[in-house]
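The sequence shown begins at 1 in my numbering and counts up by one.
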Amino acid sequence: MSGGIHKIQTRLYIIGAGFAGQMIAADIKRKKILGTVAAFLDDDKSLIGTEIDGIPILGPVTNTTVSLLKCNDLDEAILAIPNAPVERIRAIYELLSANGFRRIKILPSISQVVSGTAHLVQTREINPLDILGRTPVIIQLTRSLDYLRGKRVLITGAGGSIGSELARQLLSGGAERLYLFGHGENSIYQIDRQLRLLQAEGVGEKAVIVPIIGDMKDRRYVQYIISKTRCNVIFHCAAYKHVPLMEENPVAVIENNVFGTKNLLDAAASCGVQRFVLISTDKAVQPVSVYGVSKMLCEQLVMEAAGRVSDRQSYMFVRFGNVLGSRGSILPLFMEQIHNGGPVTVTTADMERYFMTIPEACSLVLQAGGVGKNGTPYLLDMGEPIKILELAEQIIRFSGFEPYKDIDIRLTGPRRGERAVEPLWLPEEKPAPTEYPKILQLQHVEQMKYPLNTLLDKLAPVCLAPAGDGPLPESYRNSAALRQILADAVPSYQSFLQQEADHV
1 MSGGIHKIQT RLYIIGAGFA GQMIAADIKR KKILGTVAAF LDDDKSLIGT
51 EIDGIPILGP VTNTTVSLLK CNDLDEAILA IPNAPVERIR AIYELLSANG
101 FRRIKILPSI SQVVSGTAHL VQTREINPLD ILGRTPVIIQ LTRSLDYLRG
151 KRVLITGAGG SIGSELARQL LSGGAERLYL FGHGENSIYQ IDRQLRLLQA
201 EGVGEKAVIV PIIGDMKDRR YVQYIISKTR CNVIFHCAAY KHVPLMEENP
251 VAVIENNVFG TKNLLDAAAS CGVQRFVLIS TDKAVQPVSV YGVSKMLCEQ
301 LVMEAAGRVS DRQSYMFVRF GNVLGSRGSI LPLFMEQIHN GGPVTVTTAD
351 MERYFMTIPE ACSLVLQAGG VGKNGTPYLL DMGEPIKILE LAEQIIRFSG
401 FEPYKDIDIR LTGPRRGERA VEPLWLPEEK PAPTEYPKIL QLQHVEQMKY
451 PLNTLLDKLA PVCLAPAGDG PLPESYRNSA ALRQILADAV PSYQSFLQQE
501 ADHV
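Listed below in structure tokens is the structure:
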């Protein structure tokens, strides 16, 4: 062959010839640099054998059809059926993998639900989140985000897993401004850049995006930021949350999570912030870790603030269990361990957790933020718990290996602050359905032996340095003193510390 090296062009196959698939095909054709859409694949008998913009529609999506494609290593499949149940996505993924596709992308369901449009920039590599667990609840966010239209919205911890997904979904809410608040320079840079790229590609509306680097432990700075931004709504996601790490740094977690939240609430209440939504966790229920105690106190801080704001303000918390794929969670850890050849480590065979995908949790939080009433705690319906050991086996199989044969699973024993089962609510809280699917209402129950303000007064000398240059109190940064104060106030944490002492 003369005239230079022949370049093999990527063939793209779009699974789903509906409006989402058609919009992605048009996007690819317009960009001209990603390859050629060779065909749509669809199960609709009325479409099979026809063409859309010169692209043939093949089908149905079965082994016979996919095997005829004779794919090579450069070929790519894009799943553009955002309303398909998890079981169907899993079946198609296994079908494509069995027929040699190594490059498989997906348009997540939230992309269609939020804006009614689909863009190539919204597709991503398929991962275990897309084929494990239940089918996410469908929420028409364009309607449920109406309360944010024209408003200024501030997200704390905006660079984290929950905060960044809230920000992505909020692009379609019609907000005037999105304030991305966080103390991690790199994470805030990443979400700021991502949101601007999404906007440039036509995703969402033209909200002004404002990144803010700051620390919510700085009380005066927080007051300054809330007053200057004149934000109407705050979604408070920021927290130190890695349980074993926080057990080694208990003062830091109380200082950041509890006093940082108090700073934010005080500033929000005084500046007239209309809505305040705290992201909470199942670990706040009868807590046995410092992190869990900190989130229980944050819940109570929100309830206390709700009792002193005006009737034009609504302050609430939304509690839920684990989210699949968050930074520091088991999914990325398992994937890394599999990539390194194993073993995959699980603490105990009986450990189980409630799981929800990050996009579903965030869409429910956004909905709850709009319909929630002042001083009312909410709980997301997490479905049935999943055994961590079974999850590990599923992820190993997703990665193309056989558990215990190709990749071993090793039980390591529980870590400090962890328990086998995390309850989502206390019996006294009596979760009741609301008119909104997957959003439950809790009856708040006091869990401490003495008032919240009394506890904060005891914690302050341990966590906060006094003003001026005078000597620091003996209790300052004293982890043992902090744990004793928490144990005196929170019975479940006291029992946990006693059990630990008994096993030493």
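For each residue, glycine too, the CB sits at the ideal point set by N, CA and C.
Beta-carbon spacing of residue i, residue j below 9 Å
{"i": "Leu195", "j": "Leu166", "result": "no"}
{"i": "Asn232", "j": "Arg193", "result": "no"}
{"i": "Leu278", "j": "His236", "result": "yes"}
{"i": "Ile92", "j": "Ser363", "result": "no"}
{"i": "Glu87", "j": "Ile104", "result": "no"}
{"i": "Cys271", "j": "Ser326", "result": "no"}
{"i": "Arg415", "j": "Thr347", "result": "yes"}
{"i": "Ala25", "j": "Leu69", "result": "no"}
{"i": "Gln223", "j": "Asp266", "result": "yes"}
{"i": "Ile396", "j": "Ile330", "result": "no"}
{"i": "Val514", "j": "Glu360", "result": "Because the chain is modelled from 1 through 504, residue 514 falls outside the range shown and cannot be assessed."}
{"i": "Gln122", "j": "Ser164", "result": "no"}
{"i": "Tyr319", "j": "Leu380", "result": "Going by the sequence as given, residue 319 is Arg instead of Tyr. A contact, by the Cβ cut-off of 9 Å."}
{"i": "Gln533", "j": "Asn263", "result": "Beyond the ends of the chain as shown, which are 1 and 504, falls residue 533; an answer cannot be given."}
{"i": "Lys31", "j": "Leu120", "result": "yes"}
{"i": "Arg168", "j": "Leu148", "result": "no"}
{"i": "Leu34", "j": "Asp75", "result": "no"}
Close-in-space but distant-in-sequence residues of the same chain around residue i (CB under 8 Å, 5 per side omitted)
{"i": "Ser67", "result": "Asn99"}
{"i": "Gln112", "result": "Low per-residue confidence applies at Gln112: pLDDT is 48, beneath 50, and the placement is therefore not dependable, though the value from the model is reported in the following sentence. Ala20, Pro82, Asn83 and Ala118, listed in sequence order."}
{"i": "Asp43", "result": "Gly59, Pro60 and Val61"}
{"i": "Tyr221", "result": "Gly214 and Asp215"}
{"i": "His6", "result": "Any reading at His6 is ruled out, since the residue's pLDDT is 44, under 50, leaving its predicted position unreliable."}
{"i": "Ile386", "result": "Gly133, Glu352, Arg353, Tyr354 and Phe355"}
Residues of its chain near residue i, where Cβ-Cβ distance is below 7 Å and the 5 sequence neighbours each way are ignored
{"i": "Asn478", "result": "Val462"}
{"i": "Cys71", "result": "Asn99, Gly100 and Phe101"}
{"i": "Thr135", "result": "Pro85 and Val86"}
{"i": "Val371", "result": "Tyr436"}
{"i": "Ser310", "result": "none"}
{"i": "Phe334", "result": "Val344, Ala392 and Ile395"}
{"i": "Glu201", "result": "His119 and Val121"}
From the options, residue whose alpha carbon lies closest to that of residue i
{"i": "Ala392", "options": "Leu245, Gly342, Gly182 and Met296", "result": "Gly342"}
{"i": "Ala158", "options": "Ala480, Ile212, Ser475 and Gln199", "result": "Ile212"}
{"i": "Ser399", "options": "Ile28, Glu94, Gln223 and Ser492", "result": "Glu94"}
{"i": "Leu145", "options": "Thr454, Ala460, Gly204 and Leu497", "result": "Gly204"}
{"i": "Glu384", "options": "Leu132, Leu41, Ile89 and Ala77", "result": "Leu132"}
{"i": "His183", "options": "Ala175, Pro244 and Gly160", "result": "Gly160"}
{"i": "Thr36", "options": "Pro56, Gln169, Ile155 and Gly49", "result": "Pro56"}
{"i": "Lys458", "options": "Gln447, Arg308, Ser475 and Pro471", "result": "Ser475"}
{"i": "Val490", "options": "Ile14, Gln9, Gln199 and Val285", "result": "Val285"}
{"i": "Thr156", "options": "Ser187, Ala175 and Asp130", "result": "Ser187"}
{"i": "Val251", "options": "Ala481, Leu497, Val323 and Thr10", "result": "Ala481"}
{"i": "Leu180", "options": "Thr345, Asp218 and Thr229", "result": "Thr229"}
{"i": "Lys449", "options": "Ser492, Ala432, Met356 and Ala200", "result": "Ser492"}
{"i": "Glu176", "options": "Asp469, Thr64 and Gly150", "result": "Gly150"}
{"i": "Gly54", "options": "Gln22, Leu74 and Leu79", "result": "Gln22"}
{"i": "Pro433", "options": "Glu51, Ala368 and Phe355", "result": "Ala368"}
{"i": "Val323", "options": "Thr64, Ile162 and Gln499", "result": "Ile162"}
{"i": "Glu299", "options": "Ile439, Val273, Leu452 and Gln9", "result": "Leu452"}
Identity of the residues DSSP links to residue i by a beta bridge
{"i": "Phe334", "result": "In DSSP, Phe334 forms no bridge with anything."}
{"i": "Ser161", "result": "Answer is none; Ser161 lacks a bridge partner."}
{"i": "Glu352", "result": "Lys387"}
{"i": "Gly100", "result": "DSSP, once it has assigned bridges, lists no residue as partnering Gly100."}
{"i": "Arg30", "result": "Answer is none; Arg30 lacks a bridge partner."}
{"i": "Thr357", "result": "Leu324"}
{"i": "Arg410", "result": "Thr345"}
{"i": "His236", "result": "Thr156 and Leu278"}
{"i": "Thr36", "result": "Arg11"}
{"i": "Phe317", "result": "Leu278 and Pro377"}
{"i": "Leu440", "result": "Leu379 and Pro433"}
{"i": "Val210", "result": "Tyr179"}
Chain-order list of residues whose beta-carbon lies under 6 Å from that of residue i (same chain, five-residue window excluded)
{"i": "Val377", "result": "Here residue 377 is Pro; the residue named in the question, Val, does not match the sequence. Here the set comprises Phe317, Leu442 and His444."}
{"i": "Ser294", "result": "Val253, Ile254, Asn257 and Val258"}
{"i": "Gly18", "result": "none"}
{"i": "Ser2", "result": "In this predicted model, Ser2 has a pLDDT of only 43, less than 50, meaning its place in the structure is not dependable; the value taken from the coordinates is given anyway. Around Ser2: no qualifying Cβ."}
{"i": "Ala239", "result": "Asn257"}
{"i": "Gly4", "result": "Confidence at Gly4 is low in this model, with a pLDDT of 46, below 50, so the placement of that residue should be treated as unreliable; the coordinate-derived value is given next. Correct list: empty, nothing qualifies."}
{"i": "Met296", "result": "Ala284 and Pro287"}
Short CB-CB distance (under 9 Å) between residue i and chain C
{"i": "Thr261", "result": "No chain C is present in this structure, which holds just one protein chain."}
Residue i: CB within 8 Å of a non-hydrogen atom of the ligand GTP
{"i": "Thr345", "result": "Among the components of this structure there are no ligands whatsoever, and the ligand GTP is therefore not found."}
field: the stretch 286-298 / the stretch 204-217 touching (three or more Cβ pairs under 8 Å)
entry: no
message: Measuring CB atoms only, is the stretch 330-347 touching the stretch 399-411, in the sense that at least three cross pairs come out at less than 8 Å?
response: yes
query: Would you call the stretch 345-363 and the stretch 410-427 touching, i.e. three or more CB-CB distances under 8 Å?
result: yes
Contact between the stretch 424-441 and the stretch 292-310 (3+ Cβ pairs under 8 Å): no
query: Would you call the stretch 482-490 and the stretch 257-273 in contact, with 3 or more CB pairs under 8 Å?
result: no
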